[in-house]
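Visitor: All residue numbers for the sequence shown refer to the working numbering, where the first residue is 68 and numbers rise by one. Even for Gly, the Cβ is constructed at its ideal location relative to N, Cα and C. Have a look at this one.
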Amino acid sequence: MNKKEELFKDLDETINKLLNHNFFKIHSSFWNLLFISLLRGLASGLGWVLGATILVSLLTYTLSQIEFIPILGDWVSRLIVEIEAFDR
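This is the structure in structure tokens:
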């Protein structure tokens, strides 16, 4: 075999490996792509909601500890009352 044929054989093997890759298997069908995109969107949305919930609760807790500052203490107290009223 000459060098050119070996290169073509290597190229053919590489292309076959690439075509058998998971990315191409998942995106081979419109419905598969739609389902995977839906799952990604749900996971992303859930992550955003959980992250925001944790961040807001930590921020509220931290701000509730600094009631000695008059302006912030008043604002935080009203915020806590609103949050507790919303929970009921």
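(1) From Arg107 to Ile121, what distance separates their C-alpha atoms?
(2) May I have the straight-line CA-CA distance separating Trp142 from Gly118, to the nearest angstrom?
(3) Please state the DSSP three-state secondary structure of Ile133.
Guide: Short version:
(1) Taking the first residue of the sequence shown as position 1, residue 107 is located at position 40. Taking the first residue of the sequence shown as position 1, residue 121 is located at position 54. Cα to Cα, Arg107 sits roughly 21 Å from Ile121.
(2) Counted from its first residue, the sequence shown places residue 142 at position 75. Counted from its first residue, the sequence shown places residue 118 at position 51. Approximately 24 Å between the Cα atoms of the pair.
(3) Residue numbering aside, residue 133 sits at position 66 when the sequence shown is read from its first letter. Coil, per DSSP.
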